[in-house]
Amino acid sequence: MSDETALGAAIARQEFLLHYQPVVDLRTGAVTGFEALVRWQSPERGLVPPDQFIPLAEETGLINVLGRWVLEEACRQGRLWQLALGDPTLQVAVNVSARQFQQVDLVEQVATVLRTTGLPPASLLLEITETAVMGDPAKAAATMRRLAAHGVRFALDDFGQGYSSLGHLKRFPIDVVKIDKEFVDGLTRNASDAQIVQAVLTMAQALGLEVTAEGIEDHAQLDRLRTLGCNHGQGYLLSRPLPAAAATALLTART
Ligand code: G
Ligand code: G
Ligand code: MN
Ligand code: NA
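Position one of the sequence shown corresponds to residue 370 (full-length UniProt numbering), numbered consecutively onward.
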C-alpha cells in the first residue's frame, strides 16, 4: 500500500486525534486557550506526529478532508470547555495550511462548523504561516477578510521564520503574532534574538496585535518574556500538548 493510500485509509477509518497545547497568560498563569495539534493513532505505527504525515497530506490534497475534521473536532471540544467553565472567551487555535487556504469553500466550511458546534467565531483563532499565504497573497487576503468579517481571528504562526515582513502584518487581517520558538530559544543566550523579540513586541504594540511566544522551555526564558511585556506563551515549561481529557483536567484544576 502506498503512503498516500495508507493516509487516505486512515482518514476514512478516523484514526486521528487532537492534542491540545495550553496558551497561558504569562502575567497570571491562567490558560486562555489551546492550540489543537493533530496526531495519527496508527494501529501499526502507534502515535504518529504531524510532521510525518502533514507534508504528504498537503501534497495529495488529503489535508482538506483531514483539516476539515480537525476544525470541527477542535471547535466542538472548545465549545464543551467553554460550557463546562462558563467562559465563552476560551480560545481554540487551529493550524491551517496553504492548500486548505486555496479551497474555494473554506469560508463556508468554517461558518458551517461554527454554526454546528456553537463556538463563538471570536473564539476561533486560525493559525497561518507566511509561506501559506505567499502563493497567492491577494486571494489569501480576500479569504481572510471574509473570515474576519464572520468574527474569526488570525494568528501569524512561526513569526520570524521565512518571509516575515511588516508588510504582511498590514496586508492581512492578523490579530496575533506567534514568535517562533527559535527566538525564544536564543532569548537568554544571545543579544540578537533578544533584540528581535523586543522589536516584535514593540511593533505588535504599535499595531495593536497580541503576541504569543512559542517554545518556552525554561524559567529564564519565561522571566525574560514577562519583563519584556510579552503577555501570552506556550511551551513545554508551561505544558506539553495534552490529550483532550488531560487538557480538561488542567482547566478544571486551575479554576
Ligand atoms: O504537534 P507538533 O509540534 O509535532 O506539530 C508539528 C507541525 O505540524 C507544526 O508545524 C504544526 O503547525 C503542524 N500541525 C499540527 N497539527 C496540524 C493541523 O491540524 N493542521 C495543519 N495544517 N498542521 C498541523
Ligand atoms: O508550527 P507550529 O508552531 O504550529 O508548531 C508547534 C509545534 O511546536 C508542535 O509540534 C509542538 O509540539 C511544538 N512545541 C510546543 N512547545 C514546544 C517547546 O517548548 N519546545 C519545542 N521544542 N517544541 C514545542
Ligand atoms: Mn501553530
Ligand atoms: Na509556530
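For each residue, glycine too, the CB sits at the ideal point set by N, CA and C.
Secondary structure of residue i, DSSP reduced to three states
i    : result
G402 : strand
L483 : helix
Q495 : Here residue 495 is Leu; the residue named in the question, Gln, does not match the sequence. In the structure shown, L495 sits in a strand (DSSP, three-state: E or B).
D505 : coil
E525 : The question names Glu, yet the displayed sequence has Leu at residue 525. Residue state, collapsed to three classes: strand.
R408 : strand
D394 : strand
P418 : coil
Q383 : coil
L607 : coil
V439 : helix
V473 : coil
P612 : strand
Any non-hydrogen atom of ligand 2 closer than 7 Å to residue i Cβ
i    : result
G584 : yes
Q390 : yes
G402 : no
L440 : no
G604 : yes
Near ligand 1: residue i beta-carbon under 7 Å from a heavy atom
i           : result
D549        : no
D420        : yes
S466        : yes
residue 368 : With the chain running from 370 to 624 in the structure shown, residue 368 is simply not present.
V407        : yes
G455        : no
P612        : no
I432        : yes
G520        : no
K447        : Going by the sequence as given, residue 447 is Gly instead of Lys. G447: no, Cβ never under 7 Å from ligand 1.
G436        : yes
Where the beta strand (DSSP E) through residue i begins and ends
i    : result
N600 : Looking at the DSSP string, N600 is not in any beta strand (DSSP E), and its letter there is neither H nor E.
V545 : V545 to I548
Q469 : Note, Q469: premise wrong, no beta strand (DSSP E); alpha helix (DSSP H) at A467 to F470.
Q460 : Q460 to N464
Any non-hydrogen atom of ligand 3 closer than 7 Å to residue i Cβ
i    : result
N600 : no
The alpha helix (DSSP H) enclosing residue i, as first and last residue numbers
i    : result
E413 : Unbroken run through E413: none, as it is neither H nor E.
G536 : L535 to R540
P424 : I423 to T429
Only counting runs of 3 or more residues, tell me where the beta strand (DSSP E) segments fall wholly within the segment 550 to 586, in order along the chain.
-> Every beta strand (DSSP E) stretch that sits fully inside the segment 550 to 586 and reaches 3 residues is listed by chain position as 579 to 582.
Closer than 6 Å to ligand 3: residues, by C-beta to nearest heavy atom, in chain order | Listed by chain position, these are E404, N464, E496 and D526.
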